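Trainee: Here it is, the structure, as structure tokens.
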Amino acid sequence: MIMINSVTILDYIGTFAFAISGIRLAALKKFDWFGAYVVGLVTAIGGGTMRDVLLNTTPFWMHQPSYLICTALALFSVILLGNHIIRFKHTFFIFDTIGLGLFVVVGINKTLEFGFPVWVAIFMGTLTGSAGGVIRDILINEVPLIFHKEIYAMACVLGGLIYWGCYYFGLEPAITQILSASGVILARFLAVKYKIALPQLRNIN
Amino acid sequence: MIMINSVTILDYIGTFAFAISGIRLAALKKFDWFGAYVVGLVTAIGGGTMRDVLLNTTPFWMHQPSYLICTALALFSVILLGNHIIRFKHTFFIFDTIGLGLFVVVGINKTLEFGFPVWVAIFMGTLTGSAGGVIRDILINEVPLIFHKEIYAMACVLGGLIYWGCYYFGLEPAITQILSASGVILARFLAVKYKIALPQLRNIN
Amino acid sequence: MIMINSVTILDYIGTFAFAISGIRLAALKKFDWFGAYVVGLVTAIGGGTMRDVLLNTTPFWMHQPSYLICTALALFSVILLGNHIIRFKHTFFIFDTIGLGLFVVVGINKTLEFGFPVWVAIFMGTLTGSAGGVIRDILINEVPLIFHKEIYAMACVLGGLIYWGCYYFGLEPAITQILSASGVILARFLAVKYKIALPQLRNIN
Chain A
732 MIMINSVTIL DYIGTFAFAI SGIRLAALKK FDWFGAYVVG LVTAIGGGTM RDVLLNTTPF
792 WMHQPSYLIC TALALFSVIL LGNHIIRFKH TFFIFDTIGL GLFVVVGINK TLEFGFPVWV
852 AIFMGTLTGS AGGVIRDILI NEVPLIFHKE IYAMACVLGG LIYWGCYYFG LEPAITQILS
912 ASGVILARFL AVKYKIALPQ LRNIN
Chain B
732 MIMINSVTIL DYIGTFAFAI SGIRLAALKK FDWFGAYVVG LVTAIGGGTM RDVLLNTTPF
792 WMHQPSYLIC TALALFSVIL LGNHIIRFKH TFFIFDTIGL GLFVVVGINK TLEFGFPVWV
852 AIFMGTLTGS AGGVIRDILI NEVPLIFHKE IYAMACVLGG LIYWGCYYFG LEPAITQILS
912 ASGVILARFL AVKYKIALPQ LRNIN
Chain C
732 MIMINSVTIL DYIGTFAFAI SGIRLAALKK FDWFGAYVVG LVTAIGGGTM RDVLLNTTPF
792 WMHQPSYLIC TALALFSVIL LGNHIIRFKH TFFIFDTIGL GLFVVVGINK TLEFGFPVWV
852 AIFMGTLTGS AGGVIRDILI NEVPLIFHKE IYAMACVLGG LIYWGCYYFG LEPAITQILS
912 ASGVILARFL AVKYKIALPQ LRNIN
């Protein structure tokens, strides 16, 4: 049974926002509705699917249709709203970032539940949060955005390190998870606001 | 033991046709023989492999070498026939479409056998039929064709819905499978003949 | 516990060299440090990860952090050495080729241990050696190098056939593995030195 609690609601909001980000890029590439749906879906569930494949377990979205439905709703919104959707740009950015914080923590929790050490969990949290966007960019035939712009994945890593710290000092799981997700969210907001970026590699070829 | 029955023959024909479609695109990109083999193989077995990885089972082609051999035969045909292969274009289109119908039904059957609900099976049938072509297009560094042209994947979804309907009304498995595969094949023929396509998304960025 | 023996040392050297090859291409594409790390990591562990996913087992690098650390060391080397790294070009080529030989044999061994027949093992050995470079090229949005240049994967296949021959004639495992790895290494050196390449497919479209 699906528990409709606050985490579930955040999960749906995050899925919806991730899907919107994929569908907008698909529109830019003149994809048809099916193509847009696939790109939106892959953005939303790609990271968690890669995590579950590496953990050697059935992908999370195969247990209940809500993630496929969320993506369909995102597609319908984009089709119906059209150009008006650009007005909600800031709202989507906030949803997207909240989703990121949640996905990272979900990825860490699940990996620890499978008995892996903390460094694998931090890896999987980062993968859960950022691999969907990488697969999205591969599908639209662009160089993945997070490899040369924005501190997106580093926010995930930071959230993972906060989780590790809290875990090490024996904090309550609920507090650990809230602090970790907040770290991800805050790091991304600050990075975007102050245009903080990692240095590029010098061309050494 | 390998049963040489009509389904097996159709399976080999479909594999061969899918491999040819990959090898032709590889030739366009001036790939060498090895590259062409890989692109052909991925086109033929990529969808079923993704399905089996998601179902958390050993990929189907690891149980017997026939799929690797079929792809090798497709490569030799292209090397030997060269430009003459273009004459068989319509034949390949027919084989390719029959293969598509079969692969969708195989994907649905296998997913149901693993105990998943029908909506997962429809998803997996569509994946089995169309993901190989997506990976092929990623390997040749093009935007996946099925995201902006042709009702290819929608034919798979339609076949899945027909399967669902037959299943719901308790039809015989054999009849269910034949109707479902026929639906895929017919939908694709009609879509190509009458140039039916899904609407594109308006650019909303 | 990690055994520091000669195979482990070769494994680290190979991982380091594969990671360097990815990081250098990432630098050419102006990736930031994170992007470079990911591309380096994927080049080093991508092939083995795909093999382990297909074998339906936990990826090898999730058991101990040494592969992630090796890649971090490769990134730091590139950042610190900058342009001077080009001086070690020949050394890296040698390390890379030794790594290739080792990875192929490791892939074959592991697949046989899982009870698969030799043809699957040869496939997996080739995948272990060459799939990381393919994923690397997808991430930097280029057509995979090994599909149109160099006998890279064919050296892996040759090593696999040597393994098969030795195995068939009942040679000692240690000798089989050394001969197979040497075959890979020698084939690649000769192919690069004498510019041996597979024929391209004629354009038949």
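Residue numbers (this note's numbering), protein chains in the order written: chain A, 732 to 936; chain B, 732 to 936; chain C, 732 to 936.
Even for Gly, the Cβ is constructed at its ideal location relative to N, Cα and C.
No experiment lies behind these values; they were computed from the predicted model shown.
Is A:Arg-818 buried or exposed, if buried means 16 or more other CB atoms sit within 10 Å of its CB?
Mentor: exposed
Trainee: Would you please verify whether the beta carbon of A:Leu-932 is less than 8 Å from any beta carbon of chain B?
Mentor: no
Trainee: Taking C-alpha atoms, which residue in B:Tyr-925, B:Trp-764, B:Phe-920 lies nearest to B:Thr-822?
Mentor: B:Phe-920
Trainee: Could one say the Cβ of C:Pro-875 lies closer than 8 Å to chain B's Cβ atoms, at least one of them?
Mentor: Against chain B, the CB of C:Pro-875 has a partner CB under 8 Å away; the residue lies at that interface.
Trainee: Is B:Gln-795 helix, strand or coil when you go by DSSP?
Mentor: coil
Trainee: Would you verify that the beta carbon of B:Phe-791 is, or is not, closer than 8 Å to some beta carbon of chain C?
Mentor: It does not: the Cβ of B:Phe-791 has no partner Cβ on chain C nearer than 8 Å.
Trainee: How is the alpha helix (DSSP H) around C:Lys-820 delimited, first residue to last?
Mentor: 820 to 844
Trainee: Kindly indicate the opening and closing residues of the alpha helix (DSSP H) around A:Ile-740.
Mentor: 737 to 759
Trainee: How many Å lie between C:Ser-797 and A:Val-836 at the Cα?
Mentor: 24 Å
Trainee: What residue range is occupied by the uninterrupted alpha helix (DSSP H) comprising C:Gln-908?
Mentor: C:Gln-908: member of the alpha helix (DSSP H) spanning 904 to 924, first to last residue.
Trainee: Would C:Val-773 count as contacting chain B if we go by Cβ distances under 8 Å?
Mentor: Closer than 8 Å: no.
Trainee: Out of curiosity, what's the CA-to-CA distance linking B:Glu-881 and C:Asp-868?
Mentor: Distance between the alpha carbons of B:Glu-881 and C:Asp-868: 28 Å.
Trainee: Tell me the rounded alpha-carbon separation between B:Ile-894 and B:Trp-850.
Mentor: According to the sequence shown, residue 894 of chain B is Tyr rather than Ile. If you take the alpha carbons of B:Tyr-894 and B:Trp-850, they lie about 11 Å apart.
Trainee: Using 8 Å as the limit for Cβ to Cβ distance, is B:Leu-756 near chain A?
Mentor: no
Trainee: If we cut at 8 Å on Cβ distances, does B:Phe-847 have a partner in chain A?
Mentor: Using beta-carbon distances, B:Phe-847 counts as an interface residue toward chain A, with a partner under 8 Å.
Trainee: Leaving out five residues on either side along the sequence, give the residues of the same chain with a beta carbon under 7 Å from the beta carbon of C:Ile-754.
Mentor: Same-chain partners within the cutoff: Ala-767, Val-770, Gly-771, Ala-805, Leu-806, Val-809.
Trainee: Thinking just about the alpha-carbon of each residue, which of B:Gly-779, B:Leu-741, B:Ile-877, B:Lys-761 is nearest to the one in C:Val-874?
Mentor: With distances taken between CA atoms, C:Val-874 lies nearest to B:Lys-761 out of B:Gly-779, B:Leu-741, B:Ile-877, B:Lys-761.
Trainee: For C:Ala-918 and B:Met-855, what's the separation of their Cα atoms in angstroms?
Mentor: C:Ala-918 and B:Met-855: Cα-Cα distance of roughly 41 Å.
Trainee: Please report the distance separating the alpha-carbon of C:Gly-891 from that of B:Leu-858.
Mentor: 32 Å
Trainee: With distances taken from CA atoms, which of C:Gly-863, C:Asn-840, C:Ala-862 is nearest C:Ala-852?
Mentor: C:Asn-840
Trainee: Does the distance from the CB of A:Ala-928 to the CB of A:Asp-827 come in under 8 Å?
Mentor: Not closer than 8 Å, so no.
Trainee: Measure the beta-carbon distance from A:Arg-782 to A:Gly-838 and round it to whole angstroms, keeping in mind my assumption that it falls under 8 Å.
Mentor: Between the beta-carbon of A:Arg-782 and that of A:Gly-838 there is about 5 Å, and that keeps the pair under the 8 Å contact cut.
Trainee: Counting only beta-carbon atoms, is A:Thr-788 nearer than 8 Å to chain B?
Mentor: Yes, because at least one Cβ of chain B sits closer than 8 Å to the Cβ of A:Thr-788.
Trainee: Determine the direct distance from the alpha carbon of A:Phe-900 to that of A:Val-738, and round the result to whole angstroms.
Mentor: A:Val-738 and A:Phe-900: Cα-Cα distance of roughly 24 Å.
Trainee: So the candidates are B:Thr-780, B:Leu-843, B:Phe-834; which of them puts its Cα closest to the Cα of B:Cys-699?
Mentor: Since the first residue shown for chain B is 732 and the last is 936, residue 699 of chain B is missing from the structure and cannot be characterised.
Trainee: Between A:Trp-895 and chain C, is any beta-carbon pair separated by less than 8 Å?
Mentor: no
Trainee: Would a C-beta distance cut-off of 8 Å place B:Gly-863 and B:Gly-778 closer than the cut-off?
Mentor: yes
Trainee: Counting contacts by CB-CB distance shorter than 8 Å, is A:His-794 in contact with chain C?
Mentor: no
Trainee: Residues of chain A with CB under 9 Å from B:Asn-872, in chain order?
Mentor: Asn-872
Trainee: Distance, Cα to Cα, C:Lys-820 vs C:Asn-814?
Mentor: 11 Å
Trainee: Using a 10 Å radius around the Cβ and a threshold of 16 neighbouring Cβ atoms, would you call A:Leu-756 buried or exposed?
Mentor: Burial call: buried.
Trainee: Just the C-alpha distance for B:Ile-825 and A:His-879, rounded to the nearest angstrom, thanks.
Mentor: About 44 Å.
Trainee: For C:Asp-763, which residues does DSSP report across the bridge?
Mentor: A:Gln-931
Trainee: Which residue spans inside the region 767 to 794 of chain C form an unbroken beta strand (DSSP E) run of at least 3?
Mentor: none
Trainee: Let me check understanding here. Comparing Cα to Cα, which of C:Ile-829, C:Gly-896, C:His-794 lies closest to C:Ile-740?
Mentor: Comparing Cα-Cα distances from C:Ile-740 to each of C:Ile-829, C:Gly-896, C:His-794, the minimum goes to C:Ile-829.
Trainee: Would you tell me roughly how many angstroms separate the C-alpha atoms of B:Lys-926 and A:Cys-897, rounded to the nearest one?
Mentor: 59 Å
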